[in-house]
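Everything on this sheet refers to the single structure shown next.
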Ligand SMILES: [Zn+2]
């Protein structure tokens, strides 16, 4: 592993002290769930047509040992989150206003690059948003291009994953604008959304984000661990429109669990509560 990537991953571990962190620590005593079979079951070919496509997706859920999530509702005609006029303050968002039983998945950093995760998301057709850090992805930019090709969003999570509250305005701007440029050069689209590492931001972050062309700062309501979900609210339930944080993490960071097993656990939590997954960029 590249030293800078290892450093970023280590920082996540060392700084994981609260719900607010973007790299929350795994509680030590949670029960294990059965692992999803990720490598031994052959893919089921999709029949043709829309019904056939849905049948293909349901077969894919069976392959990954997950109860199927409902198809998400059609995206709203008008996005429910109003973005600021030019010169206005960048909003800081942890949930999307909606009555639908939908949540939004976000995967951060980019240290793990498991090809099985690409297969899984291609087969399940689950939309998600990537908040990418250059020092974590630079060893293999192409991996995230494969995920972008599935229709999933590439958004900004700084160049080197610092705690922005420890940096002055100019350094914050360099971290955010620098990554805007890198992501635009690599993936062809200027990011609209920004997530500060560890969820730590201040007014300098807002000003820097605005000056870099960011339209919204995106935080989260739930954080996926290995098998458990960490909730910010006391009722420990998903609420309509919640943004869920997960990470590109593999066995070395997940106590031997693979990224696809962690993702299967995440999707089971969502399915069990009667929710499904929608695309953040359709609402924000
Ligand atoms: Zn992060």
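In mature numbering (1 follows the signal peptide of the UniProt record, and there is no 0), the protein residues as written are -24 to -1, 1 to 260.
For glycine and all other residues, C-beta sits at the position ideal for the given N, C-alpha and C.
Notebook entry, point to check: Identify the residues that DSSP records as bridge partners of residue 82: which are they?
Noted result: For the purposes of this step, residue 82 is taken as residue 106 along the chain shown, with counting starting at 1. Bridge partners of residue 82: 105, 221.
Next item on the list: Kindly confirm or deny that the region 250 to 259 and the region 99 to 117 touch, where touching means at least three C-beta pairs closer than 8 Å.
Entry: yes
Checklist line | residue 241 - DSSP class collapsed to helix/strand/coil | finding: Along the chain shown, one-based indexing puts residue 241 at 265. The answer is helix: DSSP assigns residue 241 an H, G or I state.
Checklist line | DSSP three-state assignment for residue 111, whether helix, strand or coil | finding: On the chain shown, residue 111 is found 135 positions in, with the first residue counted as 1. In this structure, residue 111 counts as helix in the three-state DSSP scheme.
Next item on the list: Identify every residue that forms a DSSP beta bridge with residue 252.
Entry: In the chain shown, residue 252 corresponds to position 276, counting from 1. Answer is 78, bridged to residue 252.
Check: Which first and last residues belong to the alpha helix (DSSP H) in which residue 156 is found?
Finding: Residue mapping note: residue 156 aligns to position 180 of the chain shown, counting from 1. Taken as a continuous stretch (DSSP letters only), the alpha helix (DSSP H) holding residue 156 covers 145 to 163.
Next item on the list: Would you mind reading off the limits of the alpha helix (DSSP H) that contains residue 187?
Entry: To locate residue 187, count along the chain shown from 1; it is residue 211. Residue 187 -> alpha helix (DSSP H) spans 179 to 187.
Check: residue 65 bridges to which residues according to DSSP?
Finding: What you label residue 65 is simply residue 89 of the chain shown in a count that begins at 1. None; residue 65 has no bridge partner.
Notebook entry, point to check: To the nearest whole angstrom, what separates the beta carbons of residue 335 and residue 246, a pair I think is in contact under 8 Å?
Noted result: Nothing can be reported for residue 335: it is not among the residues displayed for the chain, which extend from -24 to 260.
Next item on the list: Look up residue 8 in the DSSP assignment and say whether it is helix, strand or coil.
Entry: Counted from its first residue, the chain shown places residue 8 at position 32. With a pLDDT of 43 at residue 8, under the threshold of 50, the modelled position of this residue cannot be trusted, and the question is left open.
Next item on the list: Look up residue 130 in the DSSP assignment and give the residues it is bridged to.
Entry: What you label residue 130 is simply residue 154 of the chain shown in a count that begins at 1. Answer is 106.
Checklist line | Beta bridge counterpart(s) of residue 201 as assigned by DSSP | finding: Residue numbering aside, residue 201 sits at position 225 when the chain shown is read from its first letter. BP columns for residue 201 are empty, so no partner.
Next item on the list: Locate the alpha helix (DSSP H) running through residue 31, then write down its first and last residues.
Entry: Stepping through the chain shown from its first residue, residue 31 is reached at position 55. Start and end: 25 to 39.
Next item on the list: Tell me, to the nearest whole angstrom, how far the beta carbon of residue 99 is from that of residue 224; I am working on the premise that it is less than 8 Å.
Entry: The residue labelled residue 99 in the question sits at position 123 within the chain shown. The residue labelled residue 224 in the question sits at position 248 within the chain shown. Not confirmed; about 18 Å, so no contact.
Next item on the list: Give me the Cα-Cα distance between residue 151 and residue 227, rounded to the nearest whole angstrom.
Entry: Looking up residue 151 in the chain shown gives position 175. Looking up residue 227 in the chain shown gives position 251. Roughly 29 Å separates the two Cα atoms.
Note to self: Is residue 173 a contact residue of ligand 1, with contact defined as CB to any heavy atom under 6 Å?
What the structure shows: Against the chain shown, residue 173 aligns to sequence position 197. It does: the Cβ of residue 173 is within 6 Å (strictly closer) of some heavy atom of ligand 1.
Item checked: N- and C-terminal bounds of the beta strand (DSSP E) containing residue 192 -> Translated into the one-based positions of the chain shown, residue 192 becomes position 216. 192 to 194 is the span of the beta strand (DSSP E), which, as asked, contains residue 192.
Margin query: Need the endpoints of the alpha helix (DSSP H) that residue 99 sits in, please.
Written below: Within the chain shown, residue 99 is the residue found at index 123, counting from 1. Per DSSP, residue 99 belongs to the alpha helix (DSSP H) from 91 to 100.
Check: residue 114 and residue 197: beta carbons closer than 7 Å?
Finding: As a position in the chain shown, residue 114 is number 138, starting the count at 1. As a position in the chain shown, residue 197 is number 221, starting the count at 1. Against a cut-off of 7 Å, the Cβ pair of residue 197 and residue 114 comes out as no contact.
Check: If we count Cβ pairs, one from each stretch, closer than 8 Å, do we get three or more for the region 149 to 169 versus the region 113 to 129?
Finding: yes
Checklist line | Proximity test, residue 265 beta-carbon vs ligand 1 heavy atom, cut-off 6 Å | finding: In this structure the chain extends from -24 to 260, so residue 265 is not present and cannot be described.
Item checked: residue 257 (DSSP reduced to helix, strand or coil) -> Position 281 of the chain shown holds residue 257. Three-state DSSP puts residue 257 in a helix.
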